[in-house]
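Trainee:
Residue numbers (our numbering): 60 to 312.
(1) Ends of the beta strand (DSSP E) at residue 251?
(2) Out of 122, 94, 153, 115, which has the shortest C-alpha to C-alpha gap to residue 141?
(3) Within the segment 179-259, note down every full alpha helix (DSSP H) run reaching 4 residues or more, in order along the chain.
(4) Contact defined as beta carbons within less than 8 angstroms: I believe residue 264 pairs with residue 251. What is the distance between those atoms, to the nearest angstrom?
(5) Taking only three categories from DSSP, how would you classify residue 129?
(6) For residue 63, which residues in the same chain have their Cβ closer than 8 angstroms to its Cβ, ignoring the five residues on either side in sequence?
(7) For residue 101, which residues from the same chain have a beta carbon less than 6 angstroms from its beta carbon, with the 5 sequence-adjacent residues on both sides left out?
(8) Between residue 77 and residue 198, what straight-line distance do the alpha-carbon atoms span, to the nearest angstrom?
(9) Beta carbon of residue 241, beta carbon of residue 216: below 8 angstroms?
(10) Whose C-alpha, out of 159, 109, 196, is nearest the C-alpha of residue 175?
(11) Please state the DSSP three-state secondary structure of residue 86.
(12) Should residue 187 and residue 208 be called a contact, given that it needs their Cβ atoms to be closer than 8 angstroms?
(13) In chain order, which continuous runs of the beta strand (DSSP E) of length 3 or greater are located wholly inside the segment 252-311?
(14) Output the distance between the C-alpha atoms of residue 268 and residue 295, rounded to the nearest integer angstrom.
(15) Please list, in chain order, all residues of the same chain as residue 164 whose beta carbon is under 7 angstroms from its beta carbon, the five residues on each side excluded.
(16) Verify whether the separation of the beta carbon atoms of residue 303 and residue 260 is less than 8 angstroms.
(17) On a Cα-Cα basis, can you pick out the residue from 247, 276, 274 that is closest to residue 306?
(18) Express the C-alpha separation of residue 152 and residue 204 in angstroms, rounding to a whole number.
(19) Just confirm the distance between the C-beta atoms of residue 161 and residue 185, as a whole number of angstroms; I'd bet it's less than 8 angstroms.
(20) Check the DSSP bridge columns for residue 93 and list the partner residues they point to.
(21) For residue 122, list the residues DSSP reports as bridge partners.
Below, the structure is given as structure tokens:
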């Protein structure tokens, strides 16, 4: 295992500056967010010739652990084309994992299984592992739903984001059964109460040592991504929190 950093940690800066900061903080790799509503690259940018984009990203001298993709819609011909572009970019940058969202939690499971089966085939054609994120707004809101998708879609893995199983009014949800399916991890500190999806490092309830132990037992050898986001009204600066979580995770791996 090694520690990476999400480009969304520095979303207030242009992408090249965000990657420069990640490099200067001595992260091994970056987790590249490509969101249609995001501040940096967008999936709709990737449907044509990728040469200039690849050259620009390689010029930053930062390696990438994963791509975190969000699209304007769940499916459709244009979205499928954009997804193929994301996977092609991953191949050109030798990125092993692309993560996407599952359908909304009240969505059609069978339809999403069909979509994800198609997307796994596209990803595998480019030599990439496809994962769905654990997210409280999607079919992965409960661990059982996440496991069902992985079982019904051969080749599909999970990007584990424990915050969605810790924060909120319902209290913590046990996600120990997910570890065998995990192919990527994104982390921040969280507490089991409303409006505590992200708290200062050390004030939350995520048991980092337990998480790393479980991953190690499943022979997980990929990234632990620091994914601390800027908070409204500058309640606390992001960079010191990113650095604290980096040092904490490095002490465990």
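We put the beta carbon where it would ideally sit given N, CA and C, even for glycine.
Mentor: Concretely, from the data shown:
(1) Neither: residue 251 is in no beta strand (DSSP E) and is coded neither H nor E.
(2) Of the candidates 122, 94, 153, 115, the one whose C-alpha sits nearest the C-alpha of residue 141 is 94.
(3) 202-211, 222-225
(4) 6 angstroms
(5) strand
(6) 86, 87, 88, 89, 90, 124, 125, 282, 283, 284, 285
(7) 95
(8) 31 angstroms
(9) Contact flag set, yes.
(10) Out of 159, 109, 196, the CA that lies nearest to the CA of residue 175 is found in 159.
(11) coil
(12) no
(13) You should have 282-285.
(14) About 25 angstroms.
(15) If we look at residue 164 and ignore the five residues flanking it on each side, its Cβ neighbours are 196, 197, 198, 200.
(16) yes
(17) 247
(18) The alpha-carbon separation between residue 204 and residue 152 amounts to approximately 31 angstroms.
(19) That belief does not hold up - the Cβ atoms of residue 161 and residue 185 are roughly 20 angstroms apart, past 8 angstroms.
(20) 128
(21) DSSP lists no partner for residue 122.
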